[in-house]
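Single-structure report; data block below.
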Amino acid sequence: MRDFSFFINLVKDNVDEITIFVVETILGDFWYYFVLMEGPIMKLSVKQAAVVGTAAVALVGTGWINQMHRVSADTAQTNQITVTQAQLEQAQANVNSATAAVTQAQVALQQAQAKVSSLTTQLADQQAEVAKLKATQDDQPAALEAAQAQLAQTQGALAAAKQTLTAAQNNQTSKQNTLAQAQTLLSQDQSAVAAAQKEVNNRQTALAADEKAQTNTTPVNATTLANAKQKLRQTQQQANQADQTAANKATIKKLADQSVASAQQEDVAAKAKLSKDQANLDAAQAKLNQVDQKIADANTTVSTAEKTLAAEEQKAEAQSSANVIVLPAGVDRTLFNRGLTNDQIEAILAPGFDLNAEFHHNEADEKVTTNLDSPEIERELSIFAASLLNPLCKQLNFNQWQVTDLSVKVAQDMADQYDQDKFDMGATGDHDLPAFAKVESENNILGISESGLPYSNIGGEPFTSLDAEKESLYYSLLSCIFNDEASQFGHTHNVLNWNTLLDGPSDQVTMYEGISHDHVGETSYIL
Numbered sequence: 006m007r008d009f010s011f012f013i014n015l016v017k018d019n020v021d022e023i024t025i026f027v028v029e030t031i032l033g034d035f036w037y038y039f040v041l042m043e044g045p046i047m048k049l050s051v052k053q054a055a056v057v058g059t060a061a062v063a064l065v066g067t068g069w070i071n072q073m074h075r076v077s078a079d080t081a082q083t084n085q086i087t088v089t090q091a092q093l094e095q096a097q098a099n100v101n102s103a104t105a106a107v108t109q110a111q112v113a114l115q116q117a118q119a120k121v122s123s124l125t126t127q128l129a130d131q132q133a134e135v136a137k138l139k140a141t142q143d144d145q146p147a148a149l150e151a152a153q154a155q156l157a158q159t160q161g162a163l164a165a166a167k168q169t170l171t172a173a174q175n176n177q178t179s180k181q182n183t184l185a186q187a188q189t190l191l192s193q194d195q196s197a198v199a200a201a202q203k204e205v206n207n208r209q210t211a212l213a214a215d216e217k218a219q220t221n222t223t224p225v226n227a228t229t230l231a232n233a234k235q236k237l238r239q240t241q242q243q244a245n246q247a248d249q250t251a252a253n254k255a256t257i258k259k260l261a262d263q264s265v266a267s268a269q270q271e272d273v274a275a276k277a278k279l280s281k282d283q284a285n286l287d288a289a290q291a292k293l294n295q296v297d298q299k300i301a302d303a304n305t306t307v308s309t310a311e312k313t314l315a316a317e318e319q320k321a322e323a324q325s326s327a328n329v330i331v332l333p334a335g336v337d338r339t340l341f342n343r344g345l346t347n348d349q350i351e352a353i354l355a356p357g358f359d360l361n362a363e364f365h366h367n368e369a370d371e372k373v374t375t376n377l378d379s380p381e382i383e384r385e386l387s388i389f390a391a392s393l394l395n396p397l398c399k400q401l402n403f404n405q406w407q408v409t410d411l412s413v414k415v416a417q418d419m420a421d422q423y424d425q426d427k428f429d430m431g432a433t434g435d436h437d438l439p440a441f442a443k444v445e446s447e448n449n450i451l452g453i454s455e456s457g458l459p460y461s462n463i464g465g466e467p468f469t470s471l472d473a474e475k476e477s478l479y480y481s482l483l484s485c486i487f488n489d490e491a492s493q494f495g496h497t498h499n500v501l502n503w504n505t506l507l508d509g510p511s512d513q514v515t516m517y518e519g520i521s522h523d524h525v526g527e528t529s530y531i532l
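Numbering follows the working numbering, with no gaps: position 413 of the sequence shown is 418.
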C-alpha cells in the first residue's frame, strides 16, 4: 500500500493555506473580506478568513450573500430617512419662524387699527369743538383758529396712521406668503418620509421572506441574522420617530393654518372698519368743508362790515373834527396813584368841563330827524363816542374802545331791559343789576360795565335830530370824565378804561363799547 503519510502531514500542517485557496477560488478578490450586516467592511486575519470563508462556501448555495446585500441597502435607506428627518426639522423651523412673523405682523396691524380708531374719535371730538367755537366765533376767533389748527394736525396724523395700517397689511400678506412657502416645503418633506417608510416596509417584507428560507442555517448565519434583526428594529424605530415627527409637524401646520385663517378674518374685519372709518372721515370732511365755507362767508361778511365801519368811523371823525375833548393840566395815568384826596382830584379834573364846554354842531346831523332810536343811529352814536374817547385813552396809554355789532346790540338790549323793568336810573341813582345778569346770559358774555349818566334834550323833550343826540351825549361824557366826584370817579375810570391799569398790561384786554338810550330817562350805556 502506498504511503500517504507525507501528503497527510502536508495537508495537516497547511490546512489554513488550503482553506484560503478554496475560499479564494469561490469568493474571488474578496477572499478575506466579509460584510457583517450594515456595519463597516471588516478585514479578517488569515485564520478568521478561513473559518468565515468555510461558512461562506456553505452559504453560496442558500442565497445568504444576497441577503447581506439587502441589509446594506437597508442601511442606505436608513441614512436617507435620517437626511429626510433633518430636512423636516429645518422645514418646521421655517414654519415656526414664518408663524411668528405672521403673529408679529398681526400685532402691528392691530396697533395700526387701534391708532386709526383713536384718531378718528379724536377727529370727531375736534370737529365738534370747531362747530361749537364757530357758533361763538365773533367772541372767540383765536380759540376757533387753534381748534382748526388742531383739527388739521389730527387729520395729518390720521392719514399717517392709515399709511401705517396699509404697510402692516402688506407686511402681513408677505408673512402669510412666506408661511405658505414653508408649509409647502414641509409637505414635500413629509412626502419624502412617507416614501422612505414605504421602502423600509418593502425591505422588511423581503427580509422576513429570507428569514423563513434560512431556518436551517449554521450557527454563524443565525448570529448574523440576529444582528440584522436588531439593526432592522433600530431602522423601524427611526421610521416610527420620523412618522411621529411628521404627525407633530402636521399638527403644528394645522395650528398655523388656523392662526392664518384667524388673522385673515381679523384683516377682513379691520378693512371693513377702516372702510367705515374712512366713510365717517369723508362725511366729517364734508361737514368741515361746509364749516370752512361758512367761515369764508362769515369772513367776507366781516370784511365788508369792517370796510363799512371804517367808512362810518371816517364819517364820524369828519363830523366830530370840531368836537375834541382836551384833558386839563395835571391829568395823566398816575392821577389816582399819587395819594391825592377826592377833592384834590376833582380840583384837577374840573377845569376840563369848562375847557371843552362848546359843542360844535353839524349841519348834516341836524337834517337827520327820523328813527332816532334805530340800530343804525345807535351804532353811529357809539362810533361818535369812541371818536371822542379813544384819543384820550391813547394819550393816557390805556386800551381804546372798539365798536362791533355785538357791542351795539348788547347796549340796546340793556336799554330794552330797563324799559321792560320800568327802571329809572335817574330817579333811583342806581343800576338795574338784574338786567345785567339777564343780558349777559342771553348774549353769552361776561363783564358788562354800565357807565351811563342821564342825558336828554333841553327841557326833557324828545330829541329832534341826530345832532341834538350827539350834543347831549357829548355833555354827558364831559360830566362822566370831569365832574364825577359824587360817584367816586367810577364813571371817569370806566369811560377812559382806567381800570385796565389795575387789570394788567393794557395790550392784554380788548374793550368793546356801545351807546343806546332808554325811554324813561334817556340813559346812555358804555360797555
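Beta carbons are placed, not taken as given, at the ideal position from N, Cα and C, and that holds for glycine.
Computed from a predicted model, the values in this text were never measured in an experiment.
- Residue environment for residue 502: buried (at least 16 other C-beta atoms within 10 angstroms of its C-beta).
- One thing to note: residue 158 has its Cβ no nearer than 8 Å to the Cβ of residue 258.
- Distance between residue 516 and residue 448, taken at the CA atoms: about 16 Å.
- Measuring C-alpha to C-alpha distances from residue 272 to each of 347, 170, 439 and 127 identifies 170 as the nearest.
- For residue 209, no pairing in a beta bridge is given by DSSP.
- Scanning its chain for C-beta atoms nearer than 8 Å, with the 5 sequence neighbours on each side dropped, one finds around residue 479 the residues 328, 364 and 393, in chain order.
- Within the DSSP secondary-structure output, residue 407 pairs in a beta bridge with 517.
- Between residue 150 and residue 161, the alpha-carbon positions lie close to 17 Å from each other.
- Bounds of the alpha helix (DSSP H) holding residue 475 are 471-487.
- Where residue 349 is concerned, the enclosing alpha helix (DSSP H) starts and stops at 347-354.
- By the Cβ-count criterion, residue 438 is exposed, with fewer than 16 other Cβ atoms from all chains shown falling within 10 Å of its own Cβ.
- Under a 10 Å Cβ-count criterion, residue 499 is classified as buried, with 16 or more other Cβ atoms of the shown protein chains found around its own Cβ.
- Sequence-distant partners of residue 497 (beyond 5 residues in either direction) whose C-beta falls short of 6 Å from its own C-beta, in its chain, are 486 and 489.
- For residue 497, the enclosing alpha helix (DSSP H) starts and ends at 495-500.
- The criterion of a C-beta distance shorter than 8 Å is satisfied by residue 111 and residue 268.
- By the neighbour-count definition (other C-beta atoms within 10 Å, threshold 16), residue 242 is an exposed residue.
- Membership of residue 392 in the alpha helix (DSSP H) is indicated by the continuous run 380-400.
- Here the alpha carbons of residue 133 and residue 427 stand approximately 42 Å from one another.
- Distance check between residue 248 and each of 205, 173 and 266 places 205 closest, using alpha-carbon atoms only.
- Under the three-state reduction of DSSP output, residue 437 falls in the coil class, being neither helix nor strand.
- Residue 286 places its beta carbon less than 8 Å from that of residue 125.
- By the C-beta criterion, the segment 360-374 is judged not to be in contact with the segment 394-401, since fewer than 3 inter-stretch pairs fall below 8 Å.
- Straight through space, the alpha carbons of residue 254 and residue 185 are spaced by roughly 14 Å.
- Cβ-Cβ separation between residue 520 and residue 379: approximately 13 Å, too far for a contact (criterion under 8 Å).
- Residue 446 sits away from residue 518, with the two beta carbons spaced by 8 Å or more.
- Pairing residue 349 with residue 476, the inter-Cα distance amounts to about 29 Å.
- In the three-state DSSP reduction, residue 112 falls in the helix class (H, G or I).
- If you draw a straight line from the Cα of residue 228 to the Cα of residue 235, it is about 11 Å long.
- The Cβ atoms of residue 408 and residue 391 lie closer than 8 Å to each other.
- Around the beta carbon of residue 346, fewer than 16 other beta carbons lie within 10 angstroms, which makes this residue exposed.
- The DSSP-derived three-state label of residue 204 is helix.
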